[in-house]
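Down below is the structure, laid out as structure tokens.
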Amino acid sequence: MLCFVAVCLALASTAKALTAEQAASFFSTSSAGDLSGDTASLPRFDLTVVQNSTHALFVVNATDTAPSSVGWLGTGQGTRMSNADYLLAWPTVSGSSVSWTLSHRLPNGAHGQPQLASSDAATSTSTFYTLVPELTTSDASSPFSAVAYVRARDPGASYPTASGVTSAAIQDAATSIIYASSSRAPSGTGEDANLSEHNQARFPFLASLQFSVAAAADTEGAGSATRGSDGDAVSSSERRMYIAHATLGSLAFLVAAPLAILVARVGRDSFRWFPLHALANTLTVVLVIVCFALATYEVGGEFDDFHQKLGLALLILVLVQALLGLGAHFTRPTRLTSSRPSLRAPVTAPPAKPPRTFGVPRIVHVLLGLVTLALGWTQVANGLYVEWDENLSAVGNVPLAVKVVFWVLIGLWVASYLAAWVFGAVRNRAGTGSDAGDSARAQEKALVRSSSRSA
């Protein structure tokens, strides 16, 4: 079994990342030059793994979160929730002290709560994972929370696993790690406690630890563990998918949907607006569906935070809005909506009486369109300013120019819409425009008079 030596400078009270000197002090038979490892800076915590030829030391460090605010921290060796070998850790605060629970878990389907790997004492978590007190936060007043544990690089045939689960053996090559965390504590201190759903960094976001990079790299042989770059933390295919999701969502709610609404606002008294309006709305529907599909594929169809829930709501609203628009096209215009029918006359036969109609589908379509657009802007802003920073910082920071363009496009659209609305109101007041309600009523009266003369 690996022997530990006392250290006077512990990670849990001094640093945010494990240095090679500190790591070497835990391996009594290894020098810093014999160690390898990497550090990944994840959205809610840093993960450092340092290994010698036989054992690996893991340090999970929530650098900005006090123990009382940590629910649980989790990592899994694998690429998805359905194939990862998990180790979860959570603190229990009692007075001024903190104790930690380690729990080795295996997948429970594609997106279920990972289940305890073994309840047998001979193959329990403590058989394979050993907590490292020197590097683990034990003071409840600490402004950050760190937990460290060690295990054999190859835990052997008795290590609990399941079919399809990634091998727990750690190689010298790059190793894929998924991670998640929650601010809500599990149901108890036992390693089989029920977990609250992750509401921060979420499975199955992927980090890559480059173990082939030596931890001691400077000329004096006592450097620091190499921190993986942001580009290494997420695979290139995932990065492309996240960027595509953000791009399509932005195009939907900053270009296509605003264009559809503006065309209807401006064109209702000046040109046949419906074909372009319908085309822009159709493009919005397609963009939103593809954007939603990409996100669902990456996070596994989970809707546990604001961005995910609003995304689902927007998908439903956009689809309902498209159906409302189709129905509204065949209803009478009203004072609040179009002054003329989209492509055909709303009244095709003389009515027995001049009907008093209220174009509910049209009014709902107009108002719901504005609400959906506002929610779409909220979603894009949440993605730019919250979701990306919290969960996708490894992909890269959002460029300032992108945020500037976001606000410029919103400002231009609001100004254009208000200008069109004011201009239309002035035209109608001056008698140069046609009023929707007057137009409909005049048409109905003309049809009634025509019917009376024929009789």
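Read left to right, the sequence shown gives residues -17 to -1, 1 to 438 (mature numbering (1 follows the signal peptide of the UniProt record, and there is no 0)).
Positions of the beta carbon are idealized from the N, C-alpha and C atoms, including for glycine.
Residue burial classification, residue i (beta-carbon count within 10 angstroms, cutoff 16)
| i | result |
| --- | --- |
| Pro169 | buried |
| Gln304 | buried |
| residue 446 | Here the chain has residues from -17 to 438 only, and residue 446 is not among them. |
| Thr331 | Residue placement at Thr331 is poorly supported in this model, since its pLDDT is 46, which falls under 50; the coordinates still yield a value, given next. Per the 10 Å Cβ criterion, exposed. |
| Arg412 | exposed |
| Ala408 | exposed |
| Arg255 | exposed |
| Val354 | exposed |
| Thr37 | exposed |
| Ser141 | exposed |
| Asp103 | exposed |
| Trp390 | exposed |
| Leu350 | exposed |
| Ser109 | exposed |
| Ser80 | exposed |
Rounded C-alpha distance that separates residue i from residue j
| i | j | result |
| --- | --- | --- |
| Ala208 | His290 | Per-residue confidence for Ala208 stands at a pLDDT of 29, beneath the threshold of 50, marking its modelled position as unreliable; the derived number appears in the next sentence. Answer to the nearest angstrom: the Cα atoms are 35 Å apart. |
| Gly139 | Ser150 | 10 Å |
| Pro143 | Leu18 | 27 Å |
| Thr113 | Thr158 | 21 Å |
| Leu298 | Phe275 | 7 Å |
| Gly352 | Leu25 | 38 Å |
| His228 | Glu221 | 10 Å |
| Pro338 | Tyr400 | Because the pLDDT at Pro338 is just 46, under 50, the model does not fix this residue reliably, and the point stays unresolved. |
| Asn35 | Gly57 | 23 Å |
| Val385 | Leu270 | 19 Å |
| Thr361 | Thr172 | 39 Å |
| Leu266 | Phe286 | 25 Å |
| Tyr368 | Arg167 | 23 Å |
| Ile244 | Gly394 | 15 Å |
| Thr119 | Ala129 | 5 Å |
| Arg27 | Ser233 | 26 Å |
| Thr106 | Arg88 | 12 Å |
| Val32 | Val387 | 39 Å |
| Ile161 | Asn91 | 15 Å |
| Tyr69 | Leu237 | 40 Å |
| Leu306 | Leu259 | 17 Å |
| Ser179 | Ala100 | 18 Å |
| Val148 | Leu277 | 25 Å |
| His181 | Phe406 | 51 Å |
| Ala176 | Leu300 | 38 Å |
| Ala402 | Trp396 | 10 Å |
Reference residue i; option with closest CA among the options
| i | options | result |
| --- | --- | --- |
| Val249 | Tyr69, Ala398, Leu231, Leu392 | Ala398 |
| Ala247 | Trp404, Val385, Cys274 | Trp404 |
| His94 | Leu70, Asn66, Val81, Ala104 | Asn66 |
| Pro97 | Pro116, Gln60, Leu231 | Gln60 |
| Glu174 | His312, Ala39, Ser82, Ala145 | Ser82 |
| Ile226 | Val273, Pro258, Phe111, Pro50 | Val273 |
| Gly366 | Pro50, Leu353, Pro382 | Pro382 |
| Gly310 | Ala261, Gly294, Thr355 | Ala261 |
| Ser52 | Ser233, Ser102, Phe9, Pro74 | Pro74 |
| Pro344 | Ala239, Gly232, Glu370, Gly308 | Gly308 |
| Thr62 | Phe10, Phe41, Ala163, Ala100 | Ala163 |
| Tyr132 | Val268, Leu295, Val115, Thr48 | Val115 |
| Asp47 | Ala364, Ser125, Leu350 | Ser125 |
| His348 | His312, Val363, Trp371 | His312 |
Residue i at chain C interface by Cβ criterion, 8 Å
| i | result |
| --- | --- |
| Ser77 | Of the chains in the structure shown, none is chain C; there is only one protein chain. |
Any non-hydrogen atom of the ligand NAP within 7 Å of residue i CB
| i | result |
| --- | --- |
| Val33 | The model depicted lacks the ligand NAP and carries no ligand whatsoever. |
Residues bridged to residue i [DSSP beta-bridge criterion]
| i | result |
| --- | --- |
| Val133 | Leu40, Thr113 |
| Leu293 | DSSP, once it has assigned bridges, lists no residue as partnering Leu293. |
| Tyr368 | None; Tyr368 has no bridge partner. |
| Ala72 | Leu56, Leu85 |
Assumed close pair residue i, residue j - CB separation to whole angstroms, cut-off 8 Å
| i | j | result |
| --- | --- | --- |
| residue 443 | Phe127 | Only positions -17 to 438 of the chain appear in the structure, and residue 443 is not among them; the question remains open. |
| Ala123 | Pro241 | Between Pro241 and Ala123 the Cβ distance is about 51 Å, and since that is not below 8 Å, they are no contact. |
| Leu358 | Leu302 | 14 Å between Cβ atoms; not a contact. |
| Arg136 | Ala72 | Contact doesn't hold; Cβ gap of about 19 Å is too wide. |
| Ser165 | Gly78 | Their Cβ separation, rounded to whole angstroms, is 23 Å, which puts Ser165 and Gly78 out of contact at 8 Å. |
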